[in-house]
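A.B. asks:
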Amino acid sequence: MRDDLPALAAEAYGYGYPLLQDLHAVDTASVFNAFRHQRSVPDTPNANPDLLYSIAQLDLSGGPLWLRIPETGGRYHVVQFVDAWTDNFAYVGSRTTRDEEREYLLVPPGWAGREAPAADIIRVPTMIATLIARFRIGPGVAALQDALSVERMYPQVPLDGLPHPQSGVPDELAFLETLRRSLSAFPPSPAERRYQRRFAPLGLFDGGNSPYPTIPRDVRAALREGLDRGREALEEAATTDHAALVNGWTNDLHAFDYNLDYFELGTFDAPQWTIADREAAHRSRAVAARTQLWGHHAYEAVHPTVHKDRDGRRLTGARAYTLRLDPPPPSAAGWSLTMYDAPTSHLVPNRLERHSVGAGTEGLRADPDGAVTILVQHEEPAPEARANWLPCPQGEFHPVLRIYEPADELLRGDYMLPPLVPI
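Each residue of the sequence shown is one higher than the one before, counting from 795 in the numbering used here.
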């Protein structure tokens, strides 16, 4: 038995975790190649009261797919493309293709078709992929969602779906067996495939029958030890690998910069938006899959979060606060501050049914110098202050500031969010 098997298995756990986490989420879909629409803001942790989501799981094993996006009349929207490894490889929408009706041909890996479609081509890196469409809430949003469509070019071709692990594999090695089958079904870029060869001693590239039901007891114990180490390392990284706080705010602009190989429409293949070191990129990808699966690049939107006030005390409805945005966050598609209960991260019920305050809030008042001061407190304020009031619960809470299509000033880190100041 190789002495380094536990260390290698631990590394393989972090490397393969995003792929298996993605496929687990994809597996919950009842159908492929069709959108499922969110018609109202869900009662789930971190629900976004600004946008409604439409999600489609793609299976391109039957050939290319047509994607049609309606004309949106100036409404903010984006369709995010995520491959099986959780890499964001394309965006279409307000930032990239504006508001006109568009049609795209989504083609699978290795596609060499001779068709000359009257549509833009987007090359999908893996046979399985996820589309996440987001539309700003408002009149007519359901009609826009319904106008989204995915259609198969060759409807007579059967689909492959997801690979299934071989039976008889010990439960403690199910991760490796699932990874073995998934690596074969969803190979990454050539550069990543070269990197993967380091995991050959684990049996991940054994074709045919699984090696795990019959491996010696000492090898099985070593692999189990390594997987446990990898799991513990990822949990530790998920709680510690974050950007430094600025005035109490977390705002990691580069948490999703781990895609190094596939850049289609709407993505930036540039040093400031890629993690050049592959091992560092793999670690970042694993943490993102563990904490924010299918999150997007900061140049599409950012969502800083704050848990403590200017004095370092946790935010609570027992006190009142002001947040003076001077100037308001620079963006092309608006901003909003949303209130969440702690620790459940649910939206906070209140008499006004107001969960957020932002650029689109009716009657929001600016200060004489153009700044915007938001009042954060549990008790309802005087009528003249109500327009800028964000209700909070009686207990602890944490607001999230969402900024859509942020300006370069914010992406460079030149725009500093101010702290919440206790009154």
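C-beta: ideal position from N, C-alpha, C; glycine also.
Is the Cβ-Cβ distance between glycine 1024 and alanine 1165 less than 8 Å?
C.D. replies: Taking 8 Å as the Cβ cut-off, glycine 1024 and alanine 1165 do not qualify as a contacting pair.
A.B. asks: Go to arginine 917, then tell me how far its beta strand (DSSP E) extends in each direction, as first and last residue.
C.D. replies: Arginine 917 -> beta strand (DSSP E) spans 914-917.
A.B. asks: Would DSSP call glutamate 966 helix, strand or coil?
C.D. replies: DSSP places glutamate 966 in helix when its eight states are reduced to three.
A.B. asks: Proline 1265 to glutamine 832, Cα distance in whole Å?
C.D. replies: Past the edges of the chain, shown from 795 to 1217, lies residue 1265, and the structure says nothing about it.
A.B. asks: For the structure I just gave you, are there three or more beta carbon pairs, one from the region 1068-1077 and one from the region 1052-1059, closer than 8 Å?
C.D. replies: As far as the Cβ criterion goes, the region 1068-1077 touches the region 1052-1059, which means the pair count is three or higher.
A.B. asks: With distance defined between alpha-carbon atoms, name the residue in Leu899, Arg1113, Pro1124 nearest to alanine 948.
C.D. replies: For clarity, residue 948 is tyrosine in the given sequence; the question names alanine instead. Closest option to tyrosine 948, Cα to Cα, is Leu899.
A.B. asks: CB phenylalanine 969 to CB alanine 923, shorter than 8 Å?
C.D. replies: Contact: no.
A.B. asks: Give, in chain order, every unbroken run of the alpha helix (DSSP H) that is at least 4 residues long and sits entirely within the region 916-991.
C.D. replies: Taking only runs of at least 4 residues, the alpha helix (DSSP H) segments lying wholly in the region 916-991 are 935-941, 968-979, 984-990.
A.B. asks: Among the candidates His1149, Ala1080, Gly955, whose CA atom is the shortest distance from the CA of alanine 1027?
C.D. replies: Minimum Cα distance to alanine 1027 is reached at Ala1080.
A.B. asks: Can you tell me whether serine 1125 is helix, strand or coil according to DSSP?
C.D. replies: Note: serine 1125 maps to strand in three-state DSSP.
A.B. asks: With a threshold of 8 Å, are at least 3 pairs of Cβ atoms found where one atom belongs to the region 931-938 and the other to the region 883-894?
C.D. replies: The region 931-938, when compared against the region 883-894, does not touch it at the 8 Å Cβ threshold.
A.B. asks: Kindly identify the DSSP beta-bridge partner or partners of aspartate 881.
C.D. replies: None; aspartate 881 has no bridge partner.
A.B. asks: Going by other Cβ atoms of all chains shown within 10 Å of its Cβ, with 16 needed for buried, is proline 1193 buried or exposed?
C.D. replies: With 16 or more other Cβ atoms within 10 Å, it is buried.
A.B. asks: Anyone know if the C-beta pair for glycine 1042 and aspartate 1135 falls short of 8 Å?
C.D. replies: Contact flag unset, no.
A.B. asks: Can you look up glycine 1152 in the DSSP assignment and give me helix, strand or coil?
C.D. replies: Three-state result, glycine 1152: strand.
A.B. asks: Below 8 Å between beta carbons: does that hold for asparagine 1045 and leucine 1211?
C.D. replies: Yes; because the gap between Cβ atoms is below 8 Å, this pair is in contact.
A.B. asks: DSSP beta-bridge partners for isoleucine 1197?
C.D. replies: Answer is Val1096, Trp1129.
A.B. asks: Would you list the one or two residues that DSSP bridges to aspartate 844?
C.D. replies: DSSP, once it has assigned bridges, lists no residue as partnering aspartate 844.
A.B. asks: Suppose the cutoff is 7 Å on Cβ atoms and the five residues either side in sequence are ignored; what does the same chain contact list for threonine 972 look like?
C.D. replies: Here the set comprises Leu814, Pro959.
A.B. asks: For proline 1137, is the classification buried or exposed, using 16 other Cβ atoms within 10 angstroms of its Cβ as the cut-off for buried?
C.D. replies: Counting Cβ neighbours within 10 Å, proline 1137 comes out exposed, since fewer than 16 surround it.
A.B. asks: Just to confirm the assignment: which complete beta strand (DSSP E) runs, minimum length 3, are found wholly within the region 1153-1189?
C.D. replies: Counting whole runs of 3 or more residues, the region 1153-1189 contains the beta strand (DSSP E) stretches 1166-1171, 1183-1185.
A.B. asks: For the candidate residues Trp1129, Asp1120, Ala1074, Tyr1056, whose alpha-carbon lies nearest to that of threonine 920?
C.D. replies: Closest option to threonine 920, Cα to Cα, is Tyr1056.
A.B. asks: Can you check which of these residues, Leu1204, Leu1141, Cys1186, Glu1147, is closest to leucine 838 by C-alpha distance?
C.D. replies: Leucine is not the amino acid found at residue 838; the sequence shown has threonine there. Selected option, being the one with the closest Cα: Leu1141.
A.B. asks: Here's the rule: buried if 16 or more other CB atoms are within 10 angstroms of the residue's CB, otherwise exposed. What is asparagine 1182?
C.D. replies: Label assigned to asparagine 1182: buried.
A.B. asks: Give the DSSP-derived three-state secondary structure of tyrosine 1209 in the structure shown.
C.D. replies: It is coil, neither helix nor strand.
A.B. asks: Go ahead and pull the three-state DSSP assignment for tryptophan 1043.
C.D. replies: Here tryptophan 1043 sits in strand by DSSP.
A.B. asks: Glycine 887 bridges to which residues according to DSSP?
C.D. replies: According to DSSP, which records beta bridges pairwise, glycine 887 is partnered with Val872.
A.B. asks: Please name the residue in Leu859, Thr866, Asp940 whose C-alpha comes closest to that of arginine 946.
C.D. replies: It is Leu859.
A.B. asks: Leaving out the 5 sequence neighbours to the left and right, which residues in its chain are closer than 6 Å to tyrosine 809 when beta-carbon positions are compared?
C.D. replies: Answer for tyrosine 809: His1076, listed in chain order.
A.B. asks: Taking a contact to mean a Cβ-Cβ separation below 8 Å, would you say glycine 1111 touches proline 1187 in this structure?
C.D. replies: Contact: yes.
A.B. asks: Relative to the alpha-carbon of leucine 1059, which residue among Arg830, Leu1021, Val835, Arg896 has its alpha-carbon at the smallest distance?
C.D. replies: The candidate whose alpha carbon is nearest that of leucine 1059 is Arg896.
A.B. asks: Over the uninterrupted alpha helix (DSSP H) stretch that includes tyrosine 1033, give me the two end residues.
C.D. replies: Correcting the residue type first, residue 1033 is threonine in the shown sequence and not tyrosine. That run of the alpha helix (DSSP H) goes 1011-1034.
A.B. asks: Whole angstroms are fine: how far does the CA of isoleucine 1168 sit from the CA of proline 1123?
C.D. replies: Their backbone Cα atoms lie some 13 Å apart in a straight line.
A.B. asks: Out of Arg1108, Glu1178, Tyr847, which has the shortest C-alpha to C-alpha gap to arginine 928?
C.D. replies: Checking every option, the nearest Cα to that of arginine 928 belongs to Tyr847.
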